[in-house]
Amino acid sequence: MLDEQAKKAMLLHIPHALYICGVRDGDEMNGFTASWVMQGSFKPPLVVNCVRSDSGSHAMLQKTGVFSLSFLDETQKDMAANFFKPKRRVGDKFEDVEFYEGTETGCPIIKDSLGYVECKVVGAVAQGDHTVFVGEVIGAGVHREGKILNLESTGWSYGG
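In the numbering used here, the protein residues as written are 963 to 1122.
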């Protein structure tokens, strides 16, 4: 039998950096804070991005098959918090954030981030309350040096 307390305690020990995942469908853009992200392959370069199934961004990503990830630095906790909120509640999350459209995907990329990757979806597995999207990296750039923002340093928990 599964020990729920032990499961939660151990899963919360998995380290996660925080990113802003940008999505676009035509003129509509959105972004959300992503933490269940990892590299999946060297050749081709693959990124695994787990996205909550009931979100509007999930539907956009599933429809268009592209996304961007802007890498946040350790001082950008407030930005991560703003992008955790659902668009239907807060409206345009990019209103006060400088961004540009990625040349490969058209997805929003945050100017004041450490850098970014742009990905096209090459696989997906829908299980549980998230879909595991596998994205091939088709564009990337470095904006500046810095230390990545980690979930643990925020005092938040997303997992377990």
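Using N, Cα and C, we set each Cβ at its ideal position, and we do this for glycine too.
In this text the structure is predicted, and so the values were computed from the model without any measurement.
From Ala-1088 to Thr-1037, what does the alpha carbon distance come to, in whole angstroms? 33 Å
Nearest by alpha-carbon distance to Glu-1058: which of Leu-1111, Ala-968, Gly-993 and His-975 is it? The sequence given here has Asp at residue 1058, not Glu. Among Leu-1111, Ala-968, Gly-993 and His-975, the Cα nearest to that of Asp-1058 is on Gly-993.
Among all the DSSP beta bridges, which residues are the ones paired with Asn-1112? Ala-979
Hey, could you find the ends of the beta strand (DSSP E) Leu-1023 is sitting in? No beta strand (DSSP E) contains Leu-1023, which is instead part of the alpha helix (DSSP H) from 1018 to 1026.
Proximity to Val-985 [Cα-Cα], best of Ala-1021, Ala-1102 and Ala-968: Ala-1021
Looking only at its own chain, which residues have a Cβ that is under 6 Å from the Cβ of Glu-1060, when we skip the five neighbours before and after it? Lys-1073
Using a Cβ-Cβ cut-off of 8 Å (strictly less than) and excluding sequence neighbours within five positions of Met-1000, which residues of its own chain qualify? Val-1009 and Val-1010
Can you tell me which residues form a DSSP beta bridge with Thr-1037? Answer is none; Thr-1037 lacks a bridge partner.
Would you report the Cα separation of Lys-1005 and Gly-1101, rounded to the nearest angstrom? 14 Å
Would you kindly work out how many angstroms separate the C-alpha atoms of Ser-944 and Asp-989, rounded to a whole number? Nothing about residue 944 can be read from this structure; the chain reaches only from 963 to 1122.
Could you spell out the range, first to last residue, of the alpha helix (DSSP H) harbouring Met-972? 966 to 973
Going by C-alpha distance, which of Arg-1106, Phe-1033 and Ser-1019 is nearest Lys-1047? Ser-1019
How long is the line joining the alpha carbons of Lys-1039 and Cys-1081, rounded to whole angstroms? 24 Å
Quick one: residues in its chain with C-beta nearer than 7 Å to the C-beta of Thr-1065, no 5 flanking neighbours on either side, listed in chain order? Gly-1101
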